[in-house]
Every structure is written in structure tokens, then in C-alpha cells.
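From first to last, the protein sequence lines stand for chains A and B. When you line the first sequence up against the working numbering, it's residues 91 to 274, in that order. When you line the second sequence up against the working numbering, it's residues 15 to 499, in that order. Using N, Cα and C, we set each Cβ at its ideal position, and we do this for glycine too. Before any comments, here is the structure.
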Amino acid sequence: MRWSITTFAIACALFASSLDGQQSKPSEYQVKAVYLYNFGRFVDWSSTLPAGKNDSFSVCVIGQDPFGRALDNTLAGELIDQKKVVARRISKPQDATSCQVLFISSSEDVRLNNILPVLDRLNVLTVSDMSRFSERGGMIQFVLEKDKIRFEVNLTNVERTGLKLSSELLKVAIAVKRNSQAGD
Amino acid sequence: MFRIQNNTITKKLTRMNMLVSGAALLMACASFVTYDLFAFRETIVRNLSIQARVAGSNSVTALVFNDSHTAENTLSALKAAPNIVSAGIYTLDGQIFAAYEREPGTQLPRFISADHDETHSFKDGSVIVTNSIVFQGKPTGMVYIRSDLRALNAQLQLYAIIAAAVLAASLGTALWLSSVFRRSITEPIRHLADVAGMVSRDKNYTVRATLPKSRDELSTLIESFNDMLTQIQGRDGALQLAHAELEQRVSERTFQLAAANKELESFSYSVSHDLRAPLRSIDGFSQALLEDCSETLNDDGRAHLQRIRKATQRMGFLIEDLLNLSRVSRTEMHTQNLDISALACSIANDLQNAQPERQIELQIEDGLKTRADPGLLRVVLENLLNNAWKFTSKHASAHIAFGMARGNGTPAFFVRDDGAGFDPAFADRLFGAFQRLHAMTEFAGTGVGLATVQRIVHRHGGRIWAESALGQGATFYFTLSETDS
Numbered sequence: 091m092r093w094s095i096t097t098f099a100i101a102c103a104l105f106a107s108s109l110d111g112q113q114s115k116p117s118e119y120q121v122k123a124v125y126l127y128n129f130g131r132f133v134d135w136s137s138t139l140p141a142g143k144n145d146s147f148s149v150c151v152i153g154q155d156p157f158g159r160a161l162d163n164t165l166a167g168e169l170i171d172q173k174k175v176v177a178r179r180i181s182k183p184q185d186a187t188s189c190q191v192l193f194i195s196s197s198e199d200v201r202l203n204n205i206l207p208v209l210d211r212l213n214v215l216t217v218s219d220m221s222r223f224s225e226r227g228g229m230i231q232f233v234l235e236k237d238k239i240r241f242e243v244n245l246t247n248v249e250r251t252g253l254k255l256s257s258e259l260l261k262v263a264i265a266v267k268r269n270s271q272a273g274d
Numbered sequence: 015m016f017r018i019q020n021n022t023i024t025k026k027l028t029r030m031n032m033l034v035s036g037a038a039l040l041m042a043c044a045s046f047v048t049y050d051l052f053a054f055r056e057t058i059v060r061n062l063s064i065q066a067r068v069a070g071s072n073s074v075t076a077l078v079f080n081d082s083h084t085a086e087n088t089l090s091a092l093k094a095a096p097n098i099v100s101a102g103i104y105t106l107d108g109q110i111f112a113a114y115e116r117e118p119g120t121q122l123p124r125f126i127s128a129d130h131d132e133t134h135s136f137k138d139g140s141v142i143v144t145n146s147i148v149f150q151g152k153p154t155g156m157v158y159i160r161s162d163l164r165a166l167n168a169q170l171q172l173y174a175i176i177a178a179a180v181l182a183a184s185l186g187t188a189l190w191l192s193s194v195f196r197r198s199i200t201e202p203i204r205h206l207a208d209v210a211g212m213v214s215r216d217k218n219y220t221v222r223a224t225l226p227k228s229r230d231e232l233s234t235l236i237e238s239f240n241d242m243l244t245q246i247q248g249r250d251g252a253l254q255l256a257h258a259e260l261e262q263r264v265s266e267r268t269f270q271l272a273a274a275n276k277e278l279e280s281f282s283y284s285v286s287h288d289l290r291a292p293l294r295s296i297d298g299f300s301q302a303l304l305e306d307c308s309e310t311l312n313d314d315g316r317a318h319l320q321r322i323r324k325a326t327q328r329m330g331f332l333i334e335d336l337l338n339l340s341r342v343s344r345t346e347m348h349t350q351n352l353d354i355s356a357l358a359c360s361i362a363n364d365l366q367n368a369q370p371e372r373q374i375e376l377q378i379e380d381g382l383k384t385r386a387d388p389g390l391l392r393v394v395l396e397n398l399l400n401n402a403w404k405f406t407s408k409h410a411s412a413h414i415a416f417g418m419a420r421g422n423g424t425p426a427f428f429v430r431d432d433g434a435g436f437d438p439a440f441a442d443r444l445f446g447a448f449q450r451l452h453a454m455t456e457f458a459g460t461g462v463g464l465a466t467v468q469r470i471v472h473r474h475g476g477r478i479w480a481e482s483a484l485g486q487g488a489t490f491y492f493t494l495s496e497t498d499s
């Protein structure tokens, strides 16, 4: 009797772990969706968030959305600074006024120089996985390193706005960059 | 002896003090150490928990951004704590995310359950703390820290050393203090024992034990002891006084008695001596009268004179005996070793020769020796054998025996006959002077002989007594001194 229960338990565990194994291999944008949420958690929003109680914390995507349902699923039910986190898609950079985190899709690569100046006054954390994003005025750029999704930060671009990144976040960034005086 | 006993009391007191203080100290040390070890364990767990929290919160970004390298860097800061054997960061689903091992090969669990926010357990000489990592109210992962109990063991060792030192120091102090304080108890006892020893050894009741300064049961005891000594001393003094008084009275009485005795003896001696001269002239002139004037006297006159002469002769014997009796008391004694059997034989021969017609069977034990004055001992044997001869004279044949009776008690010489004997009711009158148990007409005699014998025996330090029944003969026993054998 005891033996059969033990066997059953082992079998269940094996089955569960095999399921786990399938689940623990999330897609690239699933991971990036989680990262977007987590970036939001490591920014001091106290001076930049609207005070209204019913306001939400918006994670916006501009351009062609690579996340699909993954972003909405990730953010569902999460809170940042006691505000409900929601995913929004916008088409114009002007719509980013009420966004806290903005993912700029690589489809906007060519329009980046038009988008970024609009955001300059908006206290929006800009994130993208397009190449040289951080050098072109973006704040956080996803980088693929040894099949792992990492990110680098351009601190000059962050500090230009009123945003403050947690040093903890900088600790796990693979690179923290600053623009040289000349490039400014 | 008293010192040894005192030492025992001292030892007992010291041992008692040591045991009491040692037990108290041990209990105190044990409870302190136990309490402290519990507290220390809690401290260890708390410190580990804090370290776990710090490591956990420093690993939050690493966890959420899947950067196990950074997490491992964070964990490697635990090198600063040499007691931490291993540590690990685990993801929410319990998989290991980052590991730290102080020494390679330390086993970290691959998987831990995230059921509890915080757990700790002691096992295999180490303590394990797991803590859940919570960031902004959201559980983010788990941290696991395993520490050895080196610190606890070091603490335990330190405690053991401190406890031993405290114990040694305290016992030393207790020993010193008890040696100071027990003096106030043992010194009076020792002093009392010394004084008691002196009293019982020297019979000296004038000494007194010194009272200790403090008033307690001991001082009461010493006081009572001193009181007792005072009473004993008083009684002892009174007893000695009474004794001395008695001695003096006895010696006075003895002196008076001796003087009176001497006076009496010299009186009786001179009287006896002086009586002899007129008695001799009465006898002499009676004889002259009988010889010279025999024709002028008729038969009656002659018979009267004869009776006068007989009476004077008897009185002469009486006086002679009295003189002998007093001489016995007055002459000096010169004791020497004697063959008493030979003496008895010679006296018996004389008696036999004096009355050869009598049929007497003599039985004299051979080889009896004694120590006595030869003249006086002859008087004793002459009197006793003479009596035996005399009191058997009514029988046709007689048995007379001399020997030594070795019954129970002191061996005694005896003279036995089968003659007239005497009434034992009058035995106590036998040895008095002029005491006669038989009529003069029956057996001649003055009644002084046995008195003389008794006096001689007493002078030799011996005893004389007689056994008899009327008509059954008599046995006279005497001893001369305790050394007779």
C-alpha cells in the first residue's frame, strides 16, 4: 500500500516536472513582458506618477506589437505603487503622455528620432530591443547574451527626465552607459 | 586524640561548606550556561535570518531579471561570515537559482519547498535557515543558508572555561571564608575538648574553659561545663577534707587504742608477775606446814593444806598462761621458712613420750612448709596438739591428724581429733581468754590456750576457726598468711 502511494507520488512529481519543463521554457517575448513589468518596479515613481486614485500604471507598446497576449497576461492583476498595471497599445508618441513604461517596437526603428524627442518631457521609461537603442537616446535596451535576455541602460538618457532608476536594477544590467559630452 | 576529633569536625565543616557552595555554584553555572546557550542559539538563528534577508533582498533584481551570476556574486559576500557553509537562492517554484559553497562539494538541496516564509532547523551539527524573498509585497524567491555551529561550540568551550574558573575561584574563596568562619565554631570546641581532656587526665578540677566572645549554644555548653567543673571541684574538696579528717580520727583512735592496749598488757603482765611471788610463798609455806607440822595436824587439816597447794599450783599455771599470752603479744616476731611437718612430729613425739600408755594413732602429713616465727608457731602447734591429746583422753584409742586442707579458698593447716568435740553453737566463744566449754573436772585447763593461739595466728596475718559437733571430735583450721602453700 505504502509502496504504491510512494510510486504514485514519484510518478506525479515526474509528470509535474515534465510539465514544468515545458512551462519553464518561455518564449522571448514572454520573458521580455515580465522584464517590462519588472523595470517598472525598479523605478522611483513617487514624483512623476499622477496622484489620482483611479489612475493606472500603463505599460505601452508603440508600433507593431510583438507580445500578443503575453503582455496582457503578464500584467494582469499586478500592482506597481498601489496602481493597477495595464497594457496599452499606442500609435503616436503623443499618446504616451499617460504611459509610464513605453516599449518601442523595432518596427519604429526608422521613426525613432521622431519619437524620442516627444517623450523627452514625459517621464516615460523607454525600452526597446532595436539595435543601438541606448546609444540613440533610449533608456533601456534588451540585449541577447548567450541565449539569455539581458539589458543595458543609458543613464544619461534616464537622468534627462525626472526618472530615478534603482541601483539594484543597474546592478543586473550588463552595461550602464553614459553619453559622452561631445555626443550630447 | 582530641585534636584528631577536632580535625574531623573541621574537615566535616569544610567539606560541608565546599559541597554546599560547589552544588550551588554548579546549579547556577548550569542554569546560566543553559539559558545562555538557548539565547545564543536564538541569536545565531536571528543573525542567520538577517543574513538570509539581506542576501535575499540583494538578489531580488537578479531573480526577476534571471541573472544568476549577479545572485552568485551577492551570495559570495557571505565569505565574510566563516560560519556559513553554504547558501542558495531559489526561484519561487523551488528550483536552485544561485549557489554559494564555502568549500567545494558542500551539498546544497536542489529543490526547497516554499511553503513557509521562514524556517530554521538544527541538524548534523549545523543550523539551516530558509527565508522567502519578498519584494514589494510579492514573493519572489527563496534563500537558504546553512551555518555550522562552530560559534556555538566555541561559546560552549568558553563557557566551560569560564564556569571552571568561576567554580575554582569561588571554591577557593569559600574555602578561605569557611576557614575564617569555622574558627569561631571549631576553636571553642577544640578548646573545650582540650580542657575536658586535661580534666579527665590530670583530675585537675581547677581549670576552666574560656568562653568565646559570641553568645551561642557553644558558649552555653562551655558555661555549663565550667559550672559542672565548679561543682565537681567543690565536692572533691569536701570529700578530701572529710577523708583527711577521717584519717586523722582513725590514727588518733589507733594511737589511743594501742596505748590503752599496751597499758593493759603491761598491767596484766606486772600483775601476773607480781602475783607469782605471794603465790609461791603460799605454796611454799603450805608445803613447809605439811612437812614440818604433819604430826600436829589431823587428817582434815592435812587435806585442807593439800587443797590449798593444789589451788595455788593451778593459779600458778593460770598466771604462767596469762604471762605467755601477754608475751605472745609483746615479743618481736622473726619470721623464717619452716618445716611445719617436722615441728608437728617433734611436738607429737614429746606428747607421746609424756603419756606412753595412751593408744593414739598419729597421722602427720609430710613436707608441709610455711613462713612463721619458730617460737610462736611451736606455741600454736603445742596448744592445738595438746588440746587434741587432752580431749581424746576419755577414749581408749584416738586418731589425731595434722595436715593441710586444700578445699576451696585458701589452703589451711588443720589439727583433727576424734575426741569430745564441742557444741558448735558456742564456737565463737572458743577463742576468748578464760572461756571454757568443758567443766574443769572433765578436762584440765586454764582457758587461755586458744586465746594465745588466735593471737599468734592474727599476728602472722592469718585466720583460725574450728568445726565440730558434740562427741564427734573437732578440727581446728588455721592459716598463717596469704602466701601459705
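- The beta carbon of residue 163 of chain B sits closer than 7 angstroms to the beta carbons of 139, 140, 141 from its chain, once the five residues preceding and following it are set aside; these are given in chain order.
- In terms of beta-carbon proximity, residue 59 of chain B stays away from the interface with chain A, with every pair separated by 8 angstroms or more.
- Counting C-beta pairs closer than 8 angstroms gives fewer than three between the segment 109-120 of chain B and the segment 170-184 of chain B, which falls short of the contact rule.
- In the DSSP assignment, residue 186 of chain B falls within the unbroken alpha helix (DSSP H) covering 164-216.
- A Cβ-Cβ distance of about 18 angstroms is found for the pair residue 267 of chain A and residue 133 of chain A, leaving them out of contact under the 8 angstroms criterion.
- Within the segment 333-402 of chain B, the complete beta strand (DSSP E) segments of 3 residues or longer fall at 350-353, 373-378, 383-386, listed in chain order.
- Distance from the CA atom of residue 89 of chain B to the CA atom of residue 216 of chain A, rounded to whole angstroms, is 31 angstroms.
- Beyond the five residues adjoining it in sequence on each side, residue 387 of chain B comes within less than 7 angstroms, by CB distance, of 347, 348, 349 in the same chain, given in chain order.
- By the criterion of a C-beta distance shorter than 7 angstroms, residue 218 of chain B is surrounded in its chain by 212, once the five residues flanking it on both sides are discounted.
- Not a single CB atom of chain A sits nearer than 8 angstroms to the CB of residue 44 of chain B.
- In the structure shown, residue 67 of chain B falls within a helical segment according to DSSP collapsed to helix, strand and coil.
- Considering only B/121, B/137, B/127, B/471, the residue with the shortest C-alpha distance to residue 146 of chain B is B/127.
- Annotation for residue 380 of chain B: 355 place their beta carbon closer than 7 angstroms to its own, counting only its chain and skipping 5 residues before and after.
- DSSP, reduced to helix, strand and coil, places residue 471 of chain B within a helical segment of the structure shown.
- The alpha-carbon of residue 145 of chain A is positioned some 13 angstroms away from that of residue 177 of chain A.
- Taking a C-beta cut-off of 7 angstroms against chain A, the contacting residues of the segment 127-155 of chain B are 150, listed in chain order.
- Using a Cβ-Cβ cut-off of 8 angstroms, residue 80 of chain B counts as an interface residue toward chain A, since at least one Cβ of chain A sits closer than that to its own.
- Rounded to whole angstroms, residue 34 of chain B and residue 240 of chain B show a C-alpha spacing of 35 angstroms.
- Looking from the CA of residue 69 of chain B, the closest CA among B/48, B/39, B/42, B/100 belongs to B/100.
- Identification of chain B residues near residue 125 of chain A by a Cβ-Cβ cut-off of 9 angstroms yields 78, 79, 80, ordered along the chain.
- A distance below 6 angstroms between beta-carbons, with the five flanking residues on each side excluded, links residue 76 of chain B to the following residues of its chain, in chain order: 84, 85.
- When rounded, the separation of the alpha-carbon atoms in residue 332 of chain B and residue 460 of chain B is 6 angstroms.
- Against residue 258 of chain A, the close residues of chain B are 74, 75, in the order they occur along the chain (beta-carbon pairs closer than 7 angstroms).
- In the three-state scheme derived from DSSP, where H, G and I count as helix and E and B as strand, residue 265 of chain A is classed as strand.
- By alpha-carbon distance to residue 87 of chain B, the top candidate from A/270, A/204, A/261 is A/261.
- In the structure shown, residue 241 of chain B adopts helical secondary structure according to DSSP, grouped into three states.
- Assignment of residue 436 of chain B by DSSP, reduced to helix, strand and coil, places it in the coil class.
- According to the DSSP secondary-structure assignment, residue 161 of chain B is paired through a beta bridge with B/98, B/141.
- Rounded to the nearest whole angstrom, the C-alpha separation of residue 181 of chain B and residue 40 of chain B is 7 angstroms.
- Under the criterion of beta carbons closer than 8 angstroms, residue 342 of chain B and residue 469 of chain B qualify as touching, at roughly 5 angstroms.
- In this structure, the straight-line span from the alpha carbon of residue 118 of chain A to that of residue 56 of chain B is close to 45 angstroms.
- For residue 493 of chain B, the beta-bridge partners assigned by DSSP are B/477.
- Residue pairing by DSSP leaves residue 275 of chain B without any beta bridge partner.
- Here residue 415 of chain B carries a strand assignment [DSSP, helix/strand/coil].
- With contact defined as three or more Cβ pairs closer than 8 angstroms, the segment 318-327 of chain B and the segment 293-302 of chain B are in contact.
- If you keep only unbroken alpha helix (DSSP H) runs of at least 4 residues inside the segment 124-158 of chain A, you get nothing at all.
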